[in-house]
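Let me begin by presenting the structure, written as structure tokens, before commenting on it.
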């Protein structure tokens, strides 16, 4: 059974700082991995999708890496802004085509 | 990116009543739709997976007679919470996946529906 863990559970940083969110998964036989953002009381916004054959994806200030063999992914956020404050969820798609979610990292960027 | 809508965004109902939540893919055809529930400060829990025209596949522990799912078209799925009770109060989120190869599919999520059962 696939298990996804995210560290840290919560993170508070000053504005402008670069930061890294971590995601690990137990079964390396995945199709792809997605990073999502969730604002309080809202649904999920897809940030980046990395296929199993890829090592990283970039979108603006976001960069996600994938090391499938070690079961790890990182989400790098450059020059953080208060508007980046949200919960970030990592999810992997493995056999059976379902997404397995981590518990999320709650990020607060202080002005 | 693709857009998924949900209606209503929030609903308050009395215990014992049934509530229907709609999920629509607005600009693409979703061969597969998913229903999740999320409790405060917890991650999403998959309830069921539905393919258009087929019966939904429910996760272990999810009562199919209580959470009725209908996926009648490629753009609409509905979740009906029957005889709702306070413990059913939660945030329900639907998701839709584009067709094609599973391995390359991206999943898009609706804005969620907050259900409060009094």
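Protein chains in written order, with my numbering: chain Z, 307 to 417; chain P, 5 to 122.
Where is the CB? At the ideal position from N, CA and C, for every residue including glycine.
query                                                                                                                                                                                                    : result
Say whether chain Z places a C-beta atom closer than 8 Å to the C-beta of residue 56 of chain P.                                                                                                         : no
With a cut-off of 8 Å, does the C-beta of residue 112 of chain P fall near any C-beta of chain Z?                                                                                                        : yes
Quick check on the DSSP output: what are the complete beta strand (DSSP E) runs of length 3 or more inside the segment 57-110 of chain P, in order along the chain?                                      : 71-77, 80-85 and 94-102
Beta-carbon of residue 340 of chain Z versus every beta-carbon of chain P: anything under 8 Å?                                                                                                           : yes
Can you tell me whether residue 345 of chain Z is helix, strand or coil according to DSSP?                                                                                                               : coil
Give the interface partners of residue 409 of chain Z over in chain P, defined as CB-CB distance under 8 Å, in chain order.                                                                              : 46 and 47
Counting only Cβ pairs nearer than 8 Å, list the residues of chain P close to residue 348 of chain Z.                                                                                                    : 115 and 116
Determine whether the Cβ of residue 404 of chain Z lies closer than 8 Å to any Cβ atom of chain P.                                                                                                       : yes
Excluding sequence positions up to five away, which residues of its chain have a Cβ less than 6 Å from the Cβ of residue 107 of chain P?                                                                 : In this prediction, residue 107 of chain P has a pLDDT of 46, which is less than 50 and means its spatial position is unreliable; what the coordinates show is noted afterwards. Cβ within range, chain order: n/a, list empty.
Please report the Cβ distance between residue 394 of chain Z and residue 361 of chain Z, rounded to the nearest whole angstrom; I am assuming they are in contact, meaning their Cβ atoms lie under 8 Å. : That belief does not hold up - the Cβ atoms of residue 394 of chain Z and residue 361 of chain Z are roughly 20 Å apart, past 8 Å.
What are the boundary residues of the beta strand (DSSP E) that residue 333 of chain Z is part of?                                                                                                       : No beta strand (DSSP E) contains residue 333 of chain Z, which DSSP labels as neither H nor E.
Please list the terminal residues of the continuous beta strand (DSSP E) segment that includes residue 30 of chain P.                                                                                    : Run containing residue 30 of chain P: none; DSSP gives neither H nor E here.
Could you have a look at residue 54 of chain P and say whether DSSP puts it in helix, strand or coil?                                                                                                    : strand
Within its chain, find whatever has a CB closer than 8 Å to the CB of residue 391 of chain Z; leave out the 5 residues flanking it on each side and keep chain order.                                    : 413, 414 and 415
Below 8 Å on the Cβ atoms is my contact criterion, and I expect residue 97 of chain P with residue 349 of chain Z to pass it. Report the Cβ-Cβ distance as a whole number of Å.                          : 5 Å
Can you pull the chain P residues whose beta carbon is under 8 Å from the beta carbon of residue 352 of chain Z, in chain order?                                                                         : 5, 110, 111, 112 and 113
Whole angstroms are fine: how far does the CA of residue 312 of chain Z sit from the CA of residue 325 of chain Z?                                                                                       : 14 Å
What residues from chain Z crowd round residue 16 of chain P, counting only those whose CB sits closer than 9 Å?                                                                                         : Those do not exist, as residue 16 of chain P stays about 15 Å from chain Z at its closest Cβ, beyond 9 Å.
Compare the Cα-Cα distances from residue 102 of chain P to each of P:21, P:15, P:18 and P:31 and report the closest residue.                                                                             : P:31
Please report how far the alpha carbon of residue 378 of chain Z lies from the alpha carbon of residue 405 of chain Z, in whole angstroms.                                                               : 16 Å
Residues in the same chain with beta-carbon distance under 6 Å from residue 74 of chain P, minus the five sequence neighbours each way, listed in chain order, please.                                   : 82
DSSP state of residue 280 of chain Z, grouped into three classes?                                                                                                                                        : There is simply no residue 280 of chain Z to check, as chain Z begins at 307 and stops at 417 in what is shown.
For a contact meaning CB atoms closer than 7 Å, what does residue 395 of chain Z contact in chain P?                                                                                                     : 47
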